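See structure below.
Numbering (full-length UniProt numbering), first residue to last: 1 to 545.
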């Protein structure tokens, strides 16, 4: 088979060549990653000469070659032009006819029938075997016919044929894959909650650093109105952090954002903050008030608990009472749990974690810096780096400084050094271009292109990156470098390290030079092709034209 001629026939069927972000043949199979899967017609692709099958899942088209697979023709296969009348008629008949239907609603994947007499419907096995359905179950007397992504279209036709009024769809997806708890799930939650807030952290942190520099060297008085306003801008992000975390956590846990913000307001309420350190009695139980400004874990845990309470109340409260009953019960129960249990535990957990890192950096700072800096790339690969952000913010709040930020900053500079060394060593123009773009990005703190496009792709540079980050991390930690605020770990955030700037500059040089030299000396195989993740990460790199 002529691959070039095949691709000429393929591209018009998948939205054109410009709609593909990756197109490669591997072991006789063609994999195509699409920018817009809606422009692809997999049925038409399957009919091309030499194609055995074509499958489109999650934006990726997989084409196998050989003799076409023989499949029984199914009259209800869904596509843009499917006529759902026959499928709807078969379902209505199977559930006992329109006279037997009391009501019908649909969720993300299922038709949900409330029937007058379940005995008049066919068995769930028979209904689930109707071509065009995925299955059928009986849950609590409600007959649920599983359709899939086209459920809304089928539902509209069912209502039309059965003479039913259409109802608002339910957002619940009973067929979604249930995620079991694992460290990866925890890291994903923390990352999802913190990533949207990173720009605010970065901007506010640099403002705080600049103000410290200006006042230290007499360039600005801390009694001026300008200082008052700028300091409020820098402080507000961290002081009212519970509100920011409440909103992003509510989005992640798919619960009510406004109720989550009310919980944050409870933590930040003046009478709670002003009684910090004092004990109050709640329903006869002694509770110690805590100052929750700038904290992360208490509100994060509270919104998580609230999401379950809110969902349970929504499900078990009759519709006409939900607007009153659900928020009252949710706020009272979660509010009491937050102040009496969740808040104090979350606050103390954050404090103890901070003290644990402080103990390590006080006892053997070089060892703490070596471990933290050397494992930084691996931590980012696993998604754990955002977990440390909660500890860093808490360190600034409870200790007045953070010792991890400087290590992360020089470790980031090591990524820039790795890319520069790879750029000097590379011989192919395409690799030189990739490495240099990644170098510019890493220099200002964007490390994804360097980690996935260079370190993980070529492997050997990863060794140099870990060594460079570890050595420079050990140096700045041993010299007692500190961050006075949380900020993006890069040279751009230099003002945040006020009081440790000379140490940080030396650390940046050590990190860059050592990693660049080691990368050049170790070399790498330029024949290794980019994988899909490297291609996606490369899109974040700064392009120089």
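Just so it is clear, CB atoms sit at the ideal spot from N, CA and C, and this is done for glycine as well.
Computed from a predicted structure; not experimentally measured.
{"Check": "Three-state secondary structure assigned by DSSP to residue 84", "Outcome": "coil"}
{"Check": "Cutoff 6 Å; reference residue 335; Cβ partners in own chain excluding five residues on either side", "Outcome": "266"}
{"Check": "Nearest-angstrom Cα separation, counted from residue 260 out to residue 366", "Outcome": "41 Å"}
{"Check": "Sequence ranges, alpha helix (DSSP H) only - wholly within the region 209-247, length at least 4", "Outcome": "225-239"}
{"Check": "Where residue 43 falls, given that 16 or more other Cβ within 10 Å makes a residue buried", "Outcome": "exposed"}
{"Check": "Assigned secondary structure, residue 298 (DSSP; H/G/I helix, E/B strand, else coil)", "Outcome": "helix"}
{"Check": "Proximity below 7 Å, CB of residue 143 to CB of residue 104", "Outcome": "no"}
{"Check": "Whole-angstrom C-beta distance between residue 369 and residue 476, which should lie under 8 Å", "Outcome": "6 Å"}
{"Check": "Beta-carbon proximity of residue 409 to residue 376, cut-off 7 Å", "Outcome": "no"}
{"Check": "Buried/exposed call for residue 81, threshold 16 Cβ in 10 Å", "Outcome": "Its pLDDT being 46, under 50, residue 81 is placed unreliably by the model, and nothing is read from it."}
{"Check": "Whole-Å CB distance - residue 292 paired with residue 268, under 8 Å assumed", "Outcome": "6 Å"}
{"Check": "Which of helix, strand or coil DSSP assigns to residue 77", "Outcome": "A caution first: residue 77 carries a pLDDT of 48, below 50, which makes its placement in the model too unreliable to give a value."}
{"Check": "Beta-carbon contacts of residue 429 that lie in its chain and below 8 Å, excluding the five residues immediately before and after", "Outcome": "none"}
{"Check": "Buried or exposed (CB count within 10 angstroms, at least 16 for buried), residue 212", "Outcome": "buried"}
{"Check": "Nonlocal neighbours in the same chain, by C-beta distance under 8 Å from residue 508, ignoring five residues either side", "Outcome": "409, 410, 413, 472, 491"}
{"Check": "One or two residues paired with residue 285 in a DSSP bridge", "Outcome": "282"}
{"Check": "Nonlocal neighbours in the same chain, by C-beta distance under 6 Å from residue 13, ignoring five residues either side", "Outcome": "41, 44, 45"}
{"Check": "Straight-line gap, residue 218 to residue 226 (C-alpha atoms, nearest Å)", "Outcome": "14 Å"}
{"Check": "Opening and closing residue of the alpha helix (DSSP H) in which residue 412 lies", "Outcome": "404-425"}
{"Check": "For residue 135, the residue or residues it bridges with in DSSP", "Outcome": "146"}
{"Check": "Classification of residue 520 by the beta-carbon crowding that lies within 10 angstroms, buried from 16 upward", "Outcome": "buried"}
{"Check": "C-alpha gap between residue 503 and residue 275, whole angstroms", "Outcome": "40 Å"}
{"Check": "Range covered by the beta strand (DSSP E) that runs through residue 114", "Outcome": "110-115"}
{"Check": "Inter-stretch contact at 8 Å, needing at least 3 Cβ pairs: the region 492-502 / the region 394-409", "Outcome": "yes"}
{"Check": "Assigned exposure category for residue 307 - 16 Cβ within 10 Å defines buried", "Outcome": "buried"}
{"Check": "For residue 21, the three-state DSSP class (helix, strand or coil)", "Outcome": "strand"}
{"Check": "Nearest-angstrom Cα separation, counted from residue 282 out to residue 340", "Outcome": "8 Å"}
{"Check": "7 Å Cβ cutoff met for residue 514 and residue 460", "Outcome": "no"}
{"Check": "Cβ pair residue 30, residue 63 closer than 7 Å", "Outcome": "yes"}
{"Check": "Same chain, Cβ closer than 6 Å to residue 374, neighbours up to 5 away in sequence not counted", "Outcome": "466, 469, 470"}
{"Check": "heavy atom of the ligand SAM below 6 Å from residue 156 C-beta", "Outcome": "Absence of the ligand SAM from the depicted structure is noted, as is the absence of any ligand whatsoever, leaving it without description."}
{"Check": "Coarse secondary structure for residue 107, derived from DSSP in three states", "Outcome": "coil"}
{"Check": "CA nearest to the CA of residue 294, picked from 234, 89, 106, 91", "Outcome": "234"}
{"Check": "Continuous beta strand (DSSP E) stretch holding residue 30: start and end", "Outcome": "29-34"}
{"Check": "Counterpart residues of residue 54 in DSSP-defined beta bridges", "Outcome": "63"}
{"Check": "Neighbour-count burial assignment, residue 10, 16 or more Cβ in a 10 Å radius", "Outcome": "buried"}
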